[in-house]
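Here is the structure we will look at.
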Amino acid sequence: MLNLEKIRDAMMHLGLNQIALAKDCDVSKEAVSNWLSGESVPRPNKLKALATALKIDVAQLVAPPQLSEPIAAFRTRRNRPATGDGLEAAQDQGYHFQQLVPFILRETVFAPSVLEKPRLDEEYIREAARQVRVRNGFSPSEPLTRDNLLYLLRDFGALLVPVPWGKERVGHENALSVYLPESKTSWVVFNINAKNDDFNYWLAHELGHCYTLHSLQGDDGEQFAERFAQELLFPLEAAREALSAICSAPSPREQANWYAGKYEISVVTVVKQADRAAEIAEIAPTGLQTKSFWSSWSAARHSVPTVAQVLFGHETLSTSDYVIKCEQEFKTPIFRTLAKWQRQEGGRSPAFIAGALNVELGLAFELSHFLMTLQD
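The numbering used here numbers the first residue of the sequence shown as 194 and each following residue consecutively.
Below, the structure is given as structure tokens:
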């Protein structure tokens, strides 16, 4: 939360109004108005600009006790770790999540199970994935369903945030996770417009971040989460079997696709894990990772349905369907929590909702109105 009294005193001392402050911070007057009303908080770069404009230290802008900085992680559309504006946007969501924490009903008094001394090591990651299966009653190589993965996330205590980010969003991410050190809460945000064959991977990927409490960050954190997801969804035992079947099949690609369907994962995960099994055994790989394989895979992406299409029958949902169906499918508390926050603040707050979900203001207006109709 901002130290609003300090900010107003500085504005009065410098003779600044909201319009002048907005110009100095290179934001809209509405953004400044939302800051001063407590509806939203500035992103880190804007917080610095605000401090410069008011001629006070950044630390003085934050009301005591100062909130710990959210730790965010995700990969961009091109499967690269987030930096710059994308990371700031994710952290901005984290600051909004911090304000929602008091409104969340926690159903357990136990701390979540986390990995001990997580590290980017193949044997460690493989053993971590194996133990997750064993501890939760899954066999070493059985397929994990979407419901299994959602259960693992909820059992950990992660707060699920389904969002309709669309398929063509610039800088689009399929999922991200945010850890709030002060409240020790983990938030997993996922795009319901992501491709369905990748969805289990992204859930497992964010689960990996949760289990490390984001102690591994940057490239190391993303590589750990990627390998953890691959090992959890398609373990070495399954990969060895697939390797043998693919290499002896009349159509290796069709055989790989069969395993992808059985395990509800992308054929890319199947091939990569099978080739990794070959490398460990020091035998010939599948031979599928060729230019033609990647070209045909990319060309076919447009025909792969999204999560929303598979679960809800439509790519685009009405505001009420989005809220109600996501609550039913994902058992998420996010919408009721936002509704409680709005009531506590005395009315609709689309700007805050837009920041919390990182959605356009138009959708946030519709959500704000619908959330006022929800009952606890």
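Just so you know, even glycine gets a beta-carbon here, dropped at the ideal spot from N, CA and C.
For the candidate residues the options, whose alpha-carbon lies nearest to that of residue i?
i              : options                        : result
isoleucine 249 : Asn393, Asn450, Ala203, Leu197 : Ala203
alanine 387    : Leu243, Val500, Glu315         : Val500
leucine 254    : Leu280, Gln423, Leu243         : Leu243
alanine 438    : Glu457, Gly411, Ala477, Ile527 : Ala477
lysine 239     : Val251, Gly231, Ser230         : Val251
proline 311    : Ala322, Glu508, Ala304         : Ala322
isoleucine 318 : Lys533, Ala397, Lys360         : Ala397
proline 428    : Glu399, Glu335, Leu313         : Glu335
asparagine 367 : Val503, Ile458, Lys455, Tyr394 : Tyr394
aspartate 468  : Gly454, Lys455, Pro445         : Pro445
glutamine 211  : Leu195, Leu229, Pro357, Lys199 : Leu229
tryptophan 534 : Ser408, Leu293, Trp358         : Leu293
isoleucine 527 : Leu550, Gln537, Val234         : Leu550
glycine 359    : Gln502, Ser542, Glu232, Ile200 : Gln502
asparagine 227 : Ala442, Pro543, Ser488, Cys440 : Pro543
histidine 289  : Glu472, Leu195, Thr509         : Leu195
serine 376     : Ala474, Trp490, Thr479, Ser261 : Ser261
alanine 304    : Pro295, Leu209, Glu232, Ser379 : Ser379
glutamine 568  : Ile200, Arg536, Pro263         : Arg536
Tell me which residues share the same chain as residue i and place their Cβ nearer than 7 Å to its Cβ, disregarding the 5 neighbours each side in the sequence.
i                 : result
phenylalanine 563 : Thr512, Ser513, Val516
glycine 369       : It should be noted that the sequence gives leucine, not glycine, for residue 369. If we look at leucine 369 and ignore the five residues flanking it on each side, its Cβ neighbours are Ala265, Ala266, Phe267, Ala283, Val382.
asparagine 450    : Val460
glycine 401       : Phe417, Ala418, Phe421, Ala422
isoleucine 546    : Leu531, Ala557, Leu560, Ser561
valine 220        : Lys239
proline 573       : No answer is possible for residue 573: the residues shown for the chain start at 194 and end at 569.
aspartate 285     : Arg236, Gly548
threonine 566     : none
alanine 224       : Ala215
tyrosine 452      : Ala435, Val463
glycine 584       : As displayed, the chain neither begins before 194 nor continues past 569, which places residue 584 out of reach and without an answer.
serine 408        : Pro311
alanine 470       : Leu429, Ala432, Arg433, Leu436
glutamine 521     : none
Using a Cβ-Cβ cut-off of 6 Å (strictly less than) and excluding sequence neighbours within five positions of residue i, which residues of its own chain qualify?
i                 : result
aspartate 217     : Ala246
phenylalanine 392 : Val500
threonine 405     : Leu308, Pro311
glutamine 466     : Gln423, Phe427, Ala432
glycine 414       : Ala266
alanine 390       : Per the sequence shown, the amino acid found at residue 390 is aspartate instead of alanine. Within the same chain, aspartate 390 has close Cβ partners Ser459, Val497.
phenylalanine 505 : Lys518
When DSSP builds the beta bridges, which residues end up paired with residue i?
i           : result
serine 370  : Ala266, Val381
lysine 388  : Thr499
leucine 564 : Looking at the DSSP assignment, leucine 564 forms no beta bridge with any residue, so it has no partner.
leucine 195 : Val255
Leaving out five residues before and five after residue i in sequence, what residues of the same chain have Cβ atoms less than 8 Å from its Cβ?
i             : result
glutamate 315 : Arg420
lysine 524    : Leu343, Arg347, Leu353
cysteine 519  : Pro355, Ile385, Thr525, Phe528
glutamate 281 : Arg236, Pro237, Asn238
Indicate, with yes or no, if the ligand NAP has a heavy atom lying under 6 Å from the CB of residue i.
i          : result
serine 379 : Looking at this structure, you won't find the ligand NAP or any other ligand, since it has none at all.
Using a C-beta cutoff of 7 Å, does residue i count as contacting chain C?
i              : result
tryptophan 395 : Among the protein chains of the structure shown there is no chain C, as only one such chain exists.
(message) Quick check for students: name the residue ranges of the alpha helix (DSSP H) that lie wholly in the stretch 469 to 541, counting only runs of 4 or more.
(response) Runs of the alpha helix (DSSP H) inside the stretch 469 to 541: 484 to 492, 500 to 505, 512 to 523, 527 to 538.
(message) Taking contact to mean 3 or more Cβ pairs, one atom from each stretch, closer than 8 Å, check whether the stretch 335 to 342 and the stretch 482 to 489 are in contact.
(response) Contact fails: fewer than three Cβ-Cβ distances are below 8 Å.
(message) Between the stretch 489 to 496 and the stretch 346 to 355, can you find at least three pairs of beta-carbon atoms closer than 8 Å?
(response) With a cut-off of 8 Å, the stretch 489 to 496 and the stretch 346 to 355 do not count as touching, because too few Cβ pairs lie within range.
(request) Quick one: which unbroken alpha helix (DSSP H) runs of 4-plus residues sit fully inside the stretch 419 to 475? Chain order, please. (result) The qualifying runs are 429 to 441, 445 to 456, 460 to 474.
(message) Please give me, in chain order, every unbroken run of the alpha helix (DSSP H) with length at least 4 that falls completely inside the stretch 273 to 361.
(response) List check, alpha helix (DSSP H) in window: 277 to 293, 315 to 328, 339 to 349.
(request) Please determine if the stretch 321 to 338 and the stretch 554 to 561 are in contact, where contact requires at least 3 C-beta pairs separated by less than 8 Å. (result) Segments in contact, no.
(request) Could you name each continuous alpha helix (DSSP H) segment of 4 residues or more that falls completely within the stretch 216 to 257, going from the start of the chain to the end? (result) The stretch 216 to 257 contains these whole alpha helix (DSSP H) runs: 222 to 230, 237 to 247, 251 to 254.
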